[in-house]
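Below is one structure, written out as structure tokens; comments come after it.
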Amino acid sequence: MDKNSVKKIFTKKSGYFLFSRNFSSEELTPLLIEASVLYKTVSDLPVLPSISSQLHAELVRRSIFGTAALEGNPLSEERVGEIIATSGGVRAPERAEKEIQNLKRAYDGIDAMPTRDSPIEITQSLIKKIHAVVTDGIEQEYNLPGKYRNHKVQVGDSEHGGQYTPPKCLPDIEDLMMHFEEWINSEEIMVLDAFVRAPLAHYYFGLIHPFGDGNGRTARLIEALTLHVSGIKYVPVMLSNFYYTNIDAYFLAFSQARKNKENDVTPFLKFALKGTVESLNEIKDRITFFIRKFSLRDYYEYLKAEKRITRRQHDLLTTLLSSDLTPFDLKSLFTHPLFTVLYRNVSQRTARRDLKKLKALGLLNQAGGKEYILNIRALG
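Now the structure itself:
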């Protein structure tokens, strides 16, 4: 272990606290390479602005839902979407709704920040501003927006590595946050890959736990901001949902890193990098799906122009392409509202022939039994 990679801080009432940049390059390098290659692939994929905006809005909704749910917010993802869509200027009457509005404001603020070649400095002032937005207008007895706490708290539980008592009093918190600002902005940390520095900031801010409430949301927003300003798309707003869907592993990674006797933070960094890779794979698949859809639409036009399929068969394919219809059968062509216009004057024999021909051309697949699905990979 490199002794210079650990910064030991003695506090007045909370014992000592360690900042460590010790991690296993052997374990993290393959994930970093995979993340970098995936990100390059995603960045090179052509995406229409309208599709990019649609994707971003969906990812922000999922991220807000995930980061709020991690802290016990009971609202469904559907309800979160409704609040986000109607939150402009309307003050939410309930705490749960207000938390969602605040998170939307925080993500909007991150989106508005320009990207740059050099990493962003994570200052106490910036952190306090984020926290003030996150907890604005939410009544909590021991929390003041943008103000450090001056009381003891406990975090965690026995199912996720046990309880942890962060620094206990305001002087210790102020001292540690000063050292955190110096450390996270030091040359040794600034030169790290953003995919490493961002979760390091997340992790150590979470350990200090400087506020009375909203620490988890603030930590994940600090991570998102660090990645966003570094010019990384999609991942900043996807990680919160990854943490939520893997909530047990999320808290366990915190605990494993905290308890490591070698001050090795690999467990948390590795978990965050796995989330990065999974997020990038998902977005790659999503964008590729849209590209396939646009390509198929052109292909259907080509087949119609070459008279290899009829106008009705073409319209059936484009209808399927535009909808999220689950597997359908012959009967659906005469009963489902999407198809009745196309097949109201067509015999079952002709409809059956359409399905048989489109399957023979590889445009439809048999879904089992008598059901069919669109072959989204018809072009390979």
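Numbering of the sequence shown is given in my numbering, commencing with residue 777 and proceeding in unit increments. Glycine included, every Cβ here is placed at the ideal spot set by N, Cα and C. Just so it is clear, the structure is predicted and the values come from calculations on it, not from any experiment.
The bridge partners DSSP lists for Glu1147 are Gly1144.
Shown here, Ser901 sits in a helix according to DSSP, grouped into three states. In this structure, Phe971 sits away from Leu1079, with a CB-CB distance that is not shorter than 8 Å.
DSSP, read as helix, strand or coil, puts Ile785 in strand. Between Pro943 and Val931, the C-beta gap is not smaller than 8 Å, which leaves the two residues out of contact. When the five nearest sequence neighbours on each side are left out, the beta carbons in the same chain lying within less than 7 Å of the beta carbon of Leu835 are those of Tyr1010, Val1013, Met1014, in order along the chain. As computed with DSSP, Asn798 is found in a beta bridge with Asp1040. Annotation: the continuous alpha helix (DSSP H) that includes Pro975 extends over 970-984.
The shortest CA-to-CA distance from Tyr1020 to any of Ser800, Ile827, Glu847, Glu810 is the one to Glu847.
Contact between Thr843 and Arg996 holds: CB atoms are separated by about 5 Å, below the 8 Å threshold. In the DSSP assignment, Glu847 falls outside any alpha helix (DSSP H), carrying neither H nor E.
In the DSSP assignment, Phe1104 forms a beta bridge with Tyr1148. Burial state of His927 is exposed, judged by a 10 Å Cβ sphere holding fewer than 16 other Cβ atoms.
Straight-line spacing of the CA atoms in Thr1102 and Ile1149 works out to 7 Å.
Take the alpha-carbon of Leu808 and the one of Thr899: they are about 26 Å apart. A contact between stretches requires three or more CB pairs, one per stretch, nearer than 8 Å, and the region 974-988 fails this requirement with the region 810-824. As computed with DSSP, Phe1027 is found in no beta bridge at all. DSSP places Phe1018 inside the alpha helix (DSSP H), whose first and last residues are 1011-1021. About 30 Å separates the beta carbon of Thr805 from that of Leu952, a gap too long to meet the 8 Å contact definition.
DSSP places Val967 outside both helix and strand once states are collapsed to three, so it counts as coil. Beta-bridge partners of Tyr792 (DSSP): Phe786. Here DSSP, grouped into helix, strand and coil, assigns Tyr1078 to helix.
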